[in-house]
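S.K.:
Numbering (my numbering), first residue to last: 58 to 130.
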């Protein structure tokens, strides 16, 4: 498993964070996602053979939020 940090835009409450977590954990190959509001980020443990940063970002965006790898990722 590898770890990736995504910067998340548009979250305003715990419900938002829960929706992002659920979306990320539904991506095949993602084992765990930890989402925080401050700072608005998600730490994701994933299998790089099955999941990509692009797939994770698309899952978050499908929920109505913005996602991009954090600087240096």
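Just so you know, even glycine gets a beta-carbon here, dropped at the ideal spot from N, CA and C.
Since the model is a prediction, treat every value here as computed from it, not as a measurement.
#1: Does any heavy atom of the ligand SAM sit closer than 7 Å to the C-beta of residue 73?
#2: Going by Cα to Cα distance, which pick from 64, 111 and 100 is closest to residue 89?
#3: Evaluate residue 96 with the Cβ neighbour count: other Cβ atoms within 10 Å of its Cβ, from every protein chain shown; 16 or more gives buried, anything less gives exposed.
#4: Figure out for me which residue from 63, 85 and 82 has the closest Cα to the Cα of residue 98.
#5: When you compare the CB positions of residue 84 and residue 112, do they come within less than 8 Å of one another, or not?
M.R.: Looking at the atomic coordinates:
#1: Within the structure as shown, the ligand SAM is missing, as the structure has no ligands at all.
#2: 100
#3: In the assembly as shown, residue 96 is an exposed residue. Its beta-carbon has fewer than 16 other beta-carbons within 10 Å.
#4: Nearest option by C-alpha distance: 63.
#5: yes
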